[in-house]
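There are 4 protein chains.
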Amino acid sequence: MSRSADTWILTAQCPSRLGTVDVVTRFLKESRCYITEQQSFDDHHGERFFIRTEFRPLEPDFDAEAFQAAFAARAAEFEMAFELTAPDARMPVVIMVSKADHCLNDLLYRYRTGQLPIEIRAVVSNHPDLQPLADWHGLPYYHFPITAETKAEQEARVWEVVEETGAELVILARYMQVLSSDMCEKLSGRAINIHHSLLPGFKGAKPYHQAFEKGVKLVGATAHYINDDLDEGPIITQGVEPVGHADDPEDLVAKGRDIECMTLARAVDAHVARRVFLHGRRTVVFSR
Amino acid sequence: MSRSADTWILTAQCPSRLGTVDVVTRFLKESRCYITEQQSFDDHHGERFFIRTEFRPLEPDFDAEAFQAAFAARAAEFEMAFELTAPDARMPVVIMVSKADHCLNDLLYRYRTGQLPIEIRAVVSNHPDLQPLADWHGLPYYHFPITAETKAEQEARVWEVVEETGAELVILARYMQVLSSDMCEKLSGRAINIHHSLLPGFKGAKPYHQAFEKGVKLVGATAHYINDDLDEGPIITQGVEPVGHADDPEDLVAKGRDIECMTLARAVDAHVARRVFLHGRRTVVFSR
Amino acid sequence: MSRSADTWILTAQCPSRLGTVDVVTRFLKESRCYITEQQSFDDHHGERFFIRTEFRPLEPDFDAEAFQAAFAARAAEFEMAFELTAPDARMPVVIMVSKADHCLNDLLYRYRTGQLPIEIRAVVSNHPDLQPLADWHGLPYYHFPITAETKAEQEARVWEVVEETGAELVILARYMQVLSSDMCEKLSGRAINIHHSLLPGFKGAKPYHQAFEKGVKLVGATAHYINDDLDEGPIITQGVEPVGHADDPEDLVAKGRDIECMTLARAVDAHVARRVFLHGRRTVVFSR
Amino acid sequence: MSRSADTWILTAQCPSRLGTVDVVTRFLKESRCYITEQQSFDDHHGERFFIRTEFRPLEPDFDAEAFQAAFAARAAEFEMAFELTAPDARMPVVIMVSKADHCLNDLLYRYRTGQLPIEIRAVVSNHPDLQPLADWHGLPYYHFPITAETKAEQEARVWEVVEETGAELVILARYMQVLSSDMCEKLSGRAINIHHSLLPGFKGAKPYHQAFEKGVKLVGATAHYINDDLDEGPIITQGVEPVGHADDPEDLVAKGRDIECMTLARAVDAHVARRVFLHGRRTVVFSR
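Here is the structure:
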């Protein structure tokens, strides 16, 4: 169900233990919050519990701060980390790109039409090419060129933009530079990359050319949180597209664009809807 | 997660009201039952609440009868209907067929290998053709021929088999006779049919021939609960398969077989795992 | 294979008869044209033959006019209609829209980046809303409002635009007005509409709302040539998207957008690549 | 179009050169053979030409031997290898299995119902488990146990079965032993293996467990010709299935079965319909 104008989201996670669901649902009931949708999962491998709840406060004067303060006391007993998301929340975002524009174009469309509840604070690139696209959408565009010598400096400037804009999410929409380990760590759990292959197949550079050489009959895309192991971050969404013997590498590039856009958009949508939990090298995704 | 040997399922539904989740989860906690997976949904259209919970009793001497008796008292206050399903439950099933054997063959394979937690008590048909297949699996096969005159009588005998075998689910695995309104009512919510089109497209007879005439580029299959409105029962699962200009009606028939098998098997799997709730003319399906 | 800069397309159709392939391939060989890809299909239902050939002239001074004149003589014997398409052909197109912008936005992106070999000559709408989008792409936008009284007049103006721009294809990218029979006839085989359902399911208005009422588990989109029978024109491409019980009609609308864009883009791509043949109430589509 | 009772298939390949299509189609016309469907592809990477033609002889006394002899003379000039397949051809096949029965069960069903035009001459296994299944279908079952010491000897016996039965295709339907390089070479282009991952991801043992560790959101299956590089043979077909965080490795195993069966069946179907051409490390597949 699309969240209506009065629907909040409460997400939480903690070590596995009896009563983890109860502590959430009882508090909501006592707070006269009406649960419209709830999913929970207890991972017996990692012994960790995850829950996502959509609810509507029944009283008109719902006080989010008081709610959080009161719940924090109960959550503490379970070592439970939680987050409350308001109905009108729009996550502040920075998008990083290089020269390919399809993912950026797609995100900007979903942003402009309100399909994605994000607020794009800046577009950052190591190339000037996509500035007109950002301009048309009235968005600041930062061009930070990069060379072997200036890599560290460029990253510092990117980080400045992230900090100053208050971005909670960085989207690497076909950004073709490898981030440093330090940057990856700073952005852990809040930077989503789209890789143009079905990971773990075809890591690294030119995956479509690798796919052509191998003669695969499906190409794909993988959206994942970045970590310091290139193309090895926890996977959020994956998509595929059939290809054939007559497709040259450039055809695979062209055919892959749509599935890259869709796969990235779905990952971002799930992330901002608080449907994704980072869980070690994997993710928990409560699908709609 | 595949249910382990000690995982029970509790499903429930009731009119929408504050506290519906809480009454379930609080009781489970008090009963020292550990929730491993839970999904709930509150339908604001129908003002009805649905919940499905998988849990493991932490105490070795879990008493299902006592659990149900105790929970019934609490559920009554919410007009909540509920069902408790044991870890080793195998739903007793009767399968109805005519001449086409692909869905039956598929179900028998999943049954024989334990993939589907059902216990097939009988195969019933208006034709003798599929007896050898039932025989090989050691299953009783009832051949009740049907004519315009004997239709009511035949249905009575089918009903006898359902009653005597204690079947909780009837699967119409390409059974090509229309059931009477009376029979549909008796089997409401516990008879699943596979129709070989993407309903509501191509209702009635020879849907693949209709699809050929129309020149569609996708054919499909729909598994649904039966009701007395032919091919209009609440949909559980649907699947599709691409087709092309070179496909004759017989090709569509052949290409559709796999998707019919898969779509029916998924519906049955969801039903026996108590993932499906009948909700007026629609269904609520908590997917895995 | 993506057509390289020197690859021509020859398409043809005629009544079924011995030698239809031979007349094409022999002529190409004699003309020293090198066939890189060829597909033919002889429909035994309609007794009609279809062929599509991609070829590279081996001589540097390929004369398209002379080629056509020479081939016409041979084709005549087979009552064969044919078309020769140059490597750099860009089909002139008029796009018609109402208020929804997702399909237009998608087509404009593919146009701007050269993915679709079309040349958009105008955007025509019965509403002013999408003018800024057309403006940014530097395209003429014609706003022809429509009322019950002005319908005929508006269509006349649309037709004028089609004529004056020399458009060979009209794309109805979520144009929400029914065209007159006369207009449908004039545009026969060269106007593609996107309908937001899996036809023949949910014809007419508000198909997603119909789909919600029916409780389907898949929604879809259908791109088809228009004819004077509403939503009954010959189908080119269809696509689907899974939906669930928690999706309200507005969610179906939102979830359907991507598949509408993709389905329409694929139909347009196939049409301009001369992969689609109109064949009575059906189409022949030589897929890549 | 499903091949009717009088439709022959002619396939051919040769080095790229002007006139390759013409030599085929002209001969067919002169032989009064009516082409119903034709696809050709010229690979500019490998400079090799491939063609597949379905045709109906118009004269009642079509002489296949004379046809081949006459065409051989023309083909020789183009160094063209060709194959003529009769309407009623059923390819003799040997199936190899270990303990998992789903692919075998699926192939046997398609064989028994005539969906796959093959003639299964024997089932060979390194385990006795699947003998009852073969027995029910009236098929010889050879149990050749295997140990490190007897591996060469066992392969020799397998080869004997292949030779003696005249098998033209060997299907490795989840056969869990690696074949020797010698055996792979002998079976080059006529042995199809199903690997339970989307190659090149997750080669080798226990791919579903690897997929679980990696946290992928899609699992898949790959049907390929074997070669002496394990899981690296030319790919024919691939299929995928969505999975989620709640799926344990055993769930992936269960969910993957259907897609393995479908992917293998499609590869075998394409191979026996002469739609697949081995082309170095890749394949050309003329899809329907």
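Protein chains in written order, with full-length UniProt numbering: chain S, 1 to 288; chain L, 1 to 288; chain B, 1 to 288; chain X, 1 to 288. The C-beta atom is built at its ideal place from N, Cα and C for all residues, glycine as well.
CB contact check: residue i to chain S, cutoff 8 angstroms
| i | result |
| --- | --- |
| residue 21 (chain L) | yes |
| residue 234 (chain X) | yes |
| residue 198 (chain X) | yes |
| residue 201 (chain X) | yes |
| residue 52 (chain B) | no |
Contact with chain L by residue i, beta-carbon distance below 8 angstroms
| i | result |
| --- | --- |
| residue 176 (chain X) | no |
| residue 8 (chain X) | no |
| residue 151 (chain S) | no |
| residue 123 (chain B) | no |
| residue 136 (chain X) | yes |
Close beta carbons around residue i, own chain, < 6 angstroms, minus the five adjacent residues each side
| i | result |
| --- | --- |
| residue 7 (chain X) | 54, 56, 87 |
| residue 237 (chain L) | 223, 263, 266, 267 |
| residue 42 (chain B) | 16, 49 |
| residue 233 (chain S) | 224, 225, 226, 227 |
| residue 141 (chain X) | 123, 131, 134 |
| residue 1 (chain B) | Residue placement at residue 1 (chain B) is flagged as unreliable, the pLDDT there being 43, under the threshold of 50; the coordinate-derived value follows with that caveat. None. |
CB contact check: residue i to chain X, cutoff 8 angstroms
| i | result |
| --- | --- |
| residue 13 (chain B) | no |
| residue 262 (chain L) | yes |
| residue 303 (chain L) | Because residue 303 (chain L) is not part of the residues shown, which for chain L are 1 to 288, the question remains open. |
| residue 114 (chain S) | no |
| residue 217 (chain B) | no |
| residue 283 (chain B) | no |
| residue 39 (chain S) | no |
| residue 274 (chain B) | no |
| residue 147 (chain B) | no |
Where the alpha helix (DSSP H) through residue i begins and ends
| i | result |
| --- | --- |
| residue 181 (chain B) | 181 to 186 |
Delimiting residues of the beta strand (DSSP E) encompassing residue i
| i | result |
| --- | --- |
| residue 276 (chain L) | 276 to 279 |
| residue 273 (chain L) | Here residue 273 (chain L) belongs to no beta strand (DSSP E), and DSSP marks it neither H nor E. |
| residue 196 (chain X) | Run containing residue 196 (chain X): none; DSSP gives neither H nor E here. |
| residue 285 (chain B) | 282 to 285 |
Spatial neighbours of residue i in its chain, beta-carbon cut-off 8 angstroms, leaving aside the 5 residues before and after
| i | result |
| --- | --- |
| residue 137 (chain X) | 108, 111, 112, 120 |
| residue 284 (chain S) | 41, 43, 50, 276, 277 |
| residue 165 (chain S) | 92, 94, 121, 122 |
| residue 14 (chain X) | 20, 48, 49, 75, 78, 79, 80, 81 |
Minimum Cβ-Cβ distance from residue i to chain B less than 8 angstroms
| i | result |
| --- | --- |
| residue 214 (chain L) | yes |
| residue 32 (chain S) | no |
| residue 58 (chain X) | yes |
| residue 237 (chain L) | yes |
| residue 1 (chain S) | Note that residue 1 (chain S) has pLDDT 43, beneath the 50 cutoff, so the model's placement of it is unreliable and the number below is only indicative. Residue 1 (chain S) counts as touching chain B. |
| residue 258 (chain S) | yes |
**Asked** Curious, which full-length beta strand (DSSP E) runs of at least 3 residues does the stretch 80 to 124 of chain X contain?
**Response** 81 to 85, 91 to 97, all fully within the stretch 80 to 124 of chain X.
**Request:** Enumerate, from N- to C-terminal direction, the unbroken beta strand (DSSP E) stretches of 3 or more residues contained entirely within the stretch 125 to 168 of chain S.
**Result:** List check, beta strand (DSSP E) in window: 141 to 143.
**Request:** Would you mind listing the beta strand (DSSP E) stretches within the stretch 206 to 265 of chain X that are 3+ residues and don't spill past its ends, in chain order?
**Result:** 218 to 225, 235 to 242
**Message:** Give the list of continuous beta strand (DSSP E) stretches no shorter than 3 residues that lie fully inside the stretch 6 to 84 of chain S.
**Reply:** 8 to 15, 33 to 43, 48 to 57
**Item:** contact_flag[the stretch 160 to 172 of chain L, the stretch 196 to 213 of chain L] where n(CB pairs < 8 angstroms) is 3 or more
**Value:** no
**Asked** On the three-pair Cβ rule with 8 angstroms, is the stretch 15 to 30 of chain L touching the stretch 28 to 40 of chain S?
**Response** At 8 angstroms Cβ cutoff, the stretches touch.
**Asked** Is the number of C-beta pairs between the stretch 57 to 73 of chain L and the stretch 26 to 34 of chain L that are closer than 8 angstroms three or more?
**Response** yes
**Item:** the stretch 249 to 264 of chain S / the stretch 95 to 106 of chain S touching (three or more Cβ pairs under 8 angstroms)
**Value:** Judged by Cβ distances under 8 angstroms, the stretch 249 to 264 of chain S makes contact with the stretch 95 to 106 of chain S, as three or more pairs qualify.
**Request:** Report yes or no: do three or more beta-carbon pairs, one from the stretch 224 to 232 of chain X and one from the stretch 178 to 190 of chain X, lie closer than 8 angstroms?
**Result:** Under the three-pair Cβ rule at 8 angstroms, the stretch 224 to 232 of chain X counts as touching the stretch 178 to 190 of chain X.
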